[in-house]
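Here's the structure we're looking at; comments come further down.
Protein chains: 6
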Amino acid sequence: MRPSGRDSSEMRAVTLERNVAPKAEGSCLVAFGSTRVLVTASVETSLPSWRRGQGLGWVTAEYGMLPRATGTRTRREATAGKQSGRTQEIQRLIGRSLRAVVDMAALGENQITIDCDVLEADGGTRTASITGAYVALADAIAWMSERKLVKANPLRDTVAAVSCGIYRGTPVLDLDYLEDVEAETDANFVLTGSGKFVEIQGTAEQTPFSRQELDMLMGLAEKGISELTVLQKTALEI
Amino acid sequence: MRPSGRDSSEMRAVTLERNVAPKAEGSCLVAFGSTRVLVTASVETSLPSWRRGQGLGWVTAEYGMLPRATGTRTRREATAGKQSGRTQEIQRLIGRSLRAVVDMAALGENQITIDCDVLEADGGTRTASITGAYVALADAIAWMSERKLVKANPLRDTVAAVSCGIYRGTPVLDLDYLEDVEAETDANFVLTGSGKFVEIQGTAEQTPFSRQELDMLMGLAEKGISELTVLQKTALEI
Amino acid sequence: MRPSGRDSSEMRAVTLERNVAPKAEGSCLVAFGSTRVLVTASVETSLPSWRRGQGLGWVTAEYGMLPRATGTRTRREATAGKQSGRTQEIQRLIGRSLRAVVDMAALGENQITIDCDVLEADGGTRTASITGAYVALADAIAWMSERKLVKANPLRDTVAAVSCGIYRGTPVLDLDYLEDVEAETDANFVLTGSGKFVEIQGTAEQTPFSRQELDMLMGLAEKGISELTVLQKTALEI
Amino acid sequence: MRPSGRDSSEMRAVTLERNVAPKAEGSCLVAFGSTRVLVTASVETSLPSWRRGQGLGWVTAEYGMLPRATGTRTRREATAGKQSGRTQEIQRLIGRSLRAVVDMAALGENQITIDCDVLEADGGTRTASITGAYVALADAIAWMSERKLVKANPLRDTVAAVSCGIYRGTPVLDLDYLEDVEAETDANFVLTGSGKFVEIQGTAEQTPFSRQELDMLMGLAEKGISELTVLQKTALEI
Amino acid sequence: MRPSGRDSSEMRAVTLERNVAPKAEGSCLVAFGSTRVLVTASVETSLPSWRRGQGLGWVTAEYGMLPRATGTRTRREATAGKQSGRTQEIQRLIGRSLRAVVDMAALGENQITIDCDVLEADGGTRTASITGAYVALADAIAWMSERKLVKANPLRDTVAAVSCGIYRGTPVLDLDYLEDVEAETDANFVLTGSGKFVEIQGTAEQTPFSRQELDMLMGLAEKGISELTVLQKTALEI
Amino acid sequence: MRPSGRDSSEMRAVTLERNVAPKAEGSCLVAFGSTRVLVTASVETSLPSWRRGQGLGWVTAEYGMLPRATGTRTRREATAGKQSGRTQEIQRLIGRSLRAVVDMAALGENQITIDCDVLEADGGTRTASITGAYVALADAIAWMSERKLVKANPLRDTVAAVSCGIYRGTPVLDLDYLEDVEAETDANFVLTGSGKFVEIQGTAEQTPFSRQELDMLMGLAEKGISELTVLQKTALEI
């Protein structure tokens, strides 16, 4: 029995609200249950110096949490003077996930920076971030397209993410915080809308898992991602 | 004629929405027109070491801006590795403003940390922050009161803030971004609900101002603060 | 009765000694009683990149305290690895105050950096810094003028600063350290020689103040500044 | 055809040399072909404060690269003033991998710090680090055991790691640098000696991969890990 | 012929002015010609944690330069966020030099921190710092003695420092800036009043020097130090 | 009697192994007894901006210690976020020592960066580093010569370093760790193969030393350096 009463293969209520940051070229407020992340996509018509002159674009991401996204206040990283290892790991993951579905030649020598700021954290902030980031990215690219900043469509596919884990011996989909702290195994899956894998990160800090268990988690992930893909397409009216 | 079409003594639409951050002891989403700040108040039953053993509490504040609160992306301070001078100046101001209405002995040896994170910036982020922070603070203190963490009411008064400036030769109330960048003089006023001054910060980077002009700005500020005080009391149902 | 025996509207003995740093283009050792600040003005014929190509100059300031300027040793900021919020707030104030009296077009694409290093701190280090900085700035501009680096005189006015506060219920001029720690209200005023306001910063961390009290502080400030202006002009022989 | 001429399921020559750092409680120089990592394990009979008083030990890891481990000189992180995101990600992975096979209660309130310093980098530095770290860890625990610092054996299993990837369309085992830069997909697998999964990290920055491809990579990983496990046991004479 | 017209074995005019920093327990403004350093000695009746409980005191030093101590403005280390390697090297040298003449048991569990801030730099700032620091240290110890904070006299000897170098082929005493930049060899000598060596640091970045040349530099240093020792004793009236 | 049983003028076993870092243009694993340092020399055909356009090259050095080079684990400087004062002092010394034997005009506008990473520390890491760095430097220059990157030979001489000290009253050559911690006086000597001094750094934190003692240390150093020079020439086959 899950704390939330959900079935083992049941996702939390997911919402994707577009255009929540009027100043950004693309934005999305994504919720996976109580987990809420504000994502913006910023277009720049210049590139970092190491990327210039190759006719290719770039997509990068940054991640942060508001201090009271969490049950007790988390120290502000700007005050601490550096981003934690966890933050860097997550933002690198978000960036890689999005780049996997972007045709960099079609994007041209432009950069899109994704910012994911967690308003409330209840497990799955990185998977919600990726799922919402795709929507913000698509809107930013539409914005570019309207202004003739890109010719062909740089988006080759959609991309979304979900976590799965083994909670009290049972594989479950989309872990919330209560499940996450107790899970023996925790895995994050990033898949394209066409069902291909972009990232898989499985961790067993407590009890190593078998290949059979991993297979079950992958099955759950495929189900969750296919639901998220429908929601993304509905939100984007595509 | 103001860019927004407002009268010279007319504030923007101000809203104060409580309980927007379910994990925080107090919270408020404050809007001054397009400027929106998410404020949380976090209660800790411990103090920084330099404050201990005197029977007095402490209230402090931190301030940040999401990267796309602004028209072009602002670099994340956590990535830059430090808070800017502007950020530190603002968060020190917010902390002082709130402490001016708190009876530290009544608060007891507890600390309340205010976090102000700007979701959208259109001028007046520090004055909106202070105005919303009072509401979040009041809710956090109510939360403490319910749990018998304080005996007497530590709040001696309300506090709110507003900016005024001289825009194209005319003193105006509550500058938005378009006015702010062009104003000859910019002043921030922090007043209590009973009409006393807590902070006044007036700056004339372009054209020094006369005492008469300052008097006119003070008059506007008193009007604006009295309106904000009504809104705060309405929001808090007091 | 003030600890120093001064009248409520009496400034401390103020001295302005020029040319104390032989290697600098302008310099001034300013004393407000025991508070002593060594100010230098450094001319550079280049600008920071964000300011270039507009035909305008720039004036900026940095502030520091020697570790034993204070009664107990203050940690060196170079060792701490960063400037405190207080330091940044003060140096931003000094920079703004000077820029208010400089015609940036007349200065041309040159930068003047003001360094204020406190040798002894007895209250009013920021007001002494501004007052002395004007003298160092004027000498640096004279140095430029002799070398034909500026054509017209970039100085539109003089500028000086003084603090006022309410000490044991009485408004007093030019607070020393003993008064400063005890004052209910502390305000810093930056005025031009012609009597206009450049900055006003009033703070009531303990007891909010009335508009009438602020008026009295402003009156004291105007008196103090007019005395400082005479001293600046005498020092500069203008 | 692989650049090295290896078969698709053939590992590079792997060596595990113990006791290479005489001052450390455990150490191992591990080579996966040209990739060489010096691993030390340091025993401390104290814990970081957040871990104390629970009767549990802790294992953590740090990772670094000598500047000329790489073909062109890599900037020293101590000079840069911080560890890169990549470094933090790797050292977090190493720590988690080892903790998965350690019984923290049996370890008691002791900490073991693993340091992995790459002498030469030719792909697979993180997998070589984990594989060698197990050997160093085992020696450090043996050292503790001889001194009666642990009662029961805290090691529940062995652990090793290997990378696999899809290189020019073919799944291959243990990518070297030439393969790594060109691979469409790169996955790191951490498995126990008993064949269970501890970590799986698969990334497709260029071309998303299918579940079938992932299955093939897992099969290769299982083969590689079983060979590494034999080498670890031989080296440790168990 | 030296730029200053001095004889090869002639020091610059040296002055040692005591009690220049009224808030410090000991202080000295030391000048070696145009080089001027403000030295303070701060007494603390506590120790850094690593030094506690051994019945021994500690003497440490910090060094800094005001931005316009130099001909062109030097960047403030507090702004840069760290002390340069040169600064750290110098302050470590000053600390070691003073500790060599202090009986740490007699000092008891107290710490004296020496701060050397260069007001004007014309070569020899580190040797002037050490020479002046001894005077400030002696005054701080006298201050402690008056307050019965030490029983026996912790000062075992005096200590002073001077530079020598080979300038245009000739060994010269007490290099000023013009000589320093051109000298083939530059050596700093720290000697006790009784003529023993505490530190010797000789560097030949351009032309390696012979043992015979080093002997000549040592002879000059002994002459210079004996003169400095007389000046120190005169200043301290001992 | 020395802890190692060596005669007072007897060096530890010294080995110089070339080409230990295949990716570097020059490299040397140097051992002075148990002290082992891995040195690499990296050639870059560009210069730092301040050095460009003068037709001169540059040689610089960086120094680090692996955490378990020492008996108890030393904190990694990359984690601490900065290099210690000791590290900076040592790497500046290594750089100066090598520059003293390099003809910068012959080197042309190229930079060679020396990295010295201590694998095991048993006293004398800086002297071993310099001695090994010369060998790595010579190999890097030979590498450049083969590629016609330099015309004339930029090496004017060899350079090596050794420490001497007064241990239990006796001057001894090449202090190991046990001697180093106990020595009254510790001096490092850097000499060219032709017997000239490049650097001399003598320190007496405990007991100041006499000129006669320094003479004896210099004699020992000359003996040690002449032995090291033979070993360097043998290793380089010159």
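Protein chains in written order, with full-length UniProt numbering: chain A, 1 to 238; chain B, 1 to 238; chain C, 1 to 238; chain D, 1 to 238; chain E, 1 to 238; chain F, 1 to 238.
All C-beta atoms, glycine included, are put in the ideal place defined by N, C-alpha and C.
- At the C-beta level, E44 (chain A) and N110 (chain A) come within 9 Å of one another.
- Its chain contains P171, V172, L175, E179, D180, A183, E184, T185, D186, A187 and L217 as the residues whose beta carbon lies nearer than 8 Å to that of G165 (chain E), once the 5 sequence neighbours on both sides are disregarded; these appear in chain order.
- Assigned with DSSP and collapsed to three states, P171 (chain B) falls in strand.
- Note on W50 (chain B): under 16 other CB atoms within 10 angstroms of its CB, so exposed under the neighbour-count rule.
- Contact between the stretch 203-213 of chain E and the stretch 186-201 of chain F is established, with three or more Cβ pairs separated by less than 8 Å.
- V14 (chain B) has B:F32 as its beta-bridge partners, per DSSP.
- By alpha-carbon distance to P3 (chain A), the top candidate from A:D215, A:I141, A:Y167 and A:T192 is A:Y167.
- In terms of beta-carbon proximity, P67 (chain E) lines the interface with chain C, with at least one pair separated by less than 9 Å.
- For R99 (chain D), the CB contacts under 7 Å within the same chain, skipping 5 residues up- and downstream, are V59 in chain order.
- At the C-beta level, A31 (chain A) and S129 (chain A) stay beyond 9 Å of one another.
- Taking the Cβ atoms as the reference, M11 (chain B) lies roughly 21 Å from E237 (chain B), outside the contact range of under 8 Å.
- For I200 (chain B), at least one C-beta of chain C is nearer than 9 Å to its own C-beta.
- For D115 (chain A), the uninterrupted beta strand (DSSP E) segment begins and ends at Q111 to E120.
- For chain A, the residues of the stretch 85-96 of chain D that bring a beta carbon within less than 7 Å of one of its beta carbons are G85, Q88, E89, R92 and R96, in chain order.
- Between Q232 (chain D) and T131 (chain D) a beta carbon distance of about 7 Å is seen, short of the 8 Å cut, so the two are scored as contacting.
- Per DSSP, the unbroken beta strand (DSSP E) holding M65 (chain B) starts and ends at W58 to M65.
- Three or more Cβ pairs closer than 8 Å define a contact, and the stretch 73-88 of chain B falls short of that threshold against the stretch 10-27 of chain B.
- In the DSSP annotation of this structure, D157 (chain F) is not part of any beta strand (DSSP E), being labelled neither H nor E.
- The stretch 116-127 of chain D and the stretch 35-44 of chain D touch, with three or more beta-carbon pairs separated by less than 8 Å.
- As computed with DSSP, D186 (chain A) is found in a beta bridge with A:G165 and A:T203.
- Exclusion of the five residues before and after L107 (chain C) leaves G57, V150 and P154 as the residues of its chain whose Cβ lies within less than 7 Å of its Cβ.
- Within chain B, the residues placing a beta-carbon under 9 Å from that of A21 (chain A) are L66, R68, A69, L119 and E120, ordered along the chain.
- Counting C-beta atoms within 10 angstroms of its own C-beta, E146 (chain C) has fewer than 16 neighbours from the protein chains shown and is therefore classed as exposed.
- The criterion of a C-beta distance shorter than 9 Å is satisfied by G85 (chain D) and Q88 (chain A).
- For F197 (chain F), the C-beta contacts it makes with chain E under 9 Å involve T185, G202, A204, P208, F209, S210, R211, E213 and L214, in order along the chain.
- Listed along chain D, no residue sits closer than 8 Å to R75 (chain A) by beta-carbon distance, the nearest being about 14 Å off.
- Taken in chain order, the members of the stretch 34-64 of chain C whose beta-carbon sits within less than 8 Å of a beta-carbon on chain E are S34, L38, T40, S42, E44, E62 and G64.
- For K233 (chain A), the enclosing alpha helix (DSSP H) covers residues R211 to L236.
- The Cβ atoms of A161 (chain A) and T203 (chain A) do not sit closer than 9 Å to each other.
- If you ignore the 5 residues before and after T125 (chain B), its C-beta comes within less than 7 Å of the C-beta of T35, V37 and V118, all in its own chain and listed in chain order.
- Distance from the CA of G95 (chain F) to the CA of D122 (chain C), rounded to the nearest whole angstrom, comes to 46 Å.
- Assignment of beta-bridge partners to T192 (chain E) by DSSP yields E:V159.
- With fewer than 16 neighbouring CB atoms inside 10 Å of its own CB, T72 (chain D) falls in the exposed class.
- Rounded to the nearest whole angstrom, the CA to CA distance from T234 (chain B) to Y134 (chain B) is 13 Å.
- If you draw a 10 Å sphere on the C-beta of D139 (chain F), you find 16 or more other C-beta atoms in it, and that means buried.
- Rounded to the nearest whole angstrom, the CA to CA distance from Q91 (chain F) to G53 (chain F) is 25 Å.
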